[in-house]
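Step one of this worksheet: look at the structure below.
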Amino acid sequence: MTDAERKLWRALRSRQFQAVKFRRQVPVGPYIADFLAYDHRLIIEVDGGQHAENRRDMAREKCLSANGFRVLRLWNNDVLGNLDGALTVIAEALRENR
Numbered sequence: 005m006t007d008a009e010r011k012l013w014r015a016l017r018s019r020q021f022q023a024v025k026f027r028r029q030v031p032v033g034p035y036i037a038d039f040l041a042y043d044h045r046l047i048i049e050v051d052g053g054q055h056a057e058n059r060r061d062m063a064r065e066k067c068l069s070a071n072g073f074r075v076l077r078l079w080n081n082d083v084l085g086n087l088d089g090a091l092t093v094i095a096e097a098l099r100e101n102r
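According to the numbering used here, the sequence shown holds residues 5 to 102 in order.
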């Protein structure tokens with residue numbers, strides 16, 4: 005796990021956030037999701053700069069979406085520098101995916 009993933013996991017684990025059960029490093033088809041809120045069909049990916057416009061990431065997101073999941077991408081720097089802002093984005097996605 006990256007530093008950003010560890011920081012986000014500390015906020016999400018044990019139903020600490022919005023009373024939602026999140027799992028980390030979850031296999032979904034041929035991929036591993038960084039974080040998954042299964043009941044909300046929400047996958048959270050925390051990305052570094054290497055993911056900008058990456059064709060593999062686009063194929064991955066298409067596959068996950070085809071399996072009924074919404075994929076929310078957050079940048080490492082956003083999680084590390086503004087965790088509250090990242091959590092606000094996640095809360096909005098959870099509300100939309102009820």
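Idealized CB from N, CA, C, for every residue including glycine.
For the options Glu49, Asp88, Ala95, Val32, the alpha carbon positioned closest to that of Thr6 is the one of Glu49. Per DSSP, Val83 is not a residue of any beta strand (DSSP E); the alpha helix (DSSP H) it occupies stretches across 80-85. The count of Cβ pairs closer than 8 Å, one atom from the region 84-92 and one from the region 27-42, stays below three, leaving the stretches out of contact. Contact annotation: the region 65-79 touches the region 37-45, with at least three C-beta pairs closer than 8 Å. At the C-beta level, Arg74 and Ala97 come within 8 Å of one another.
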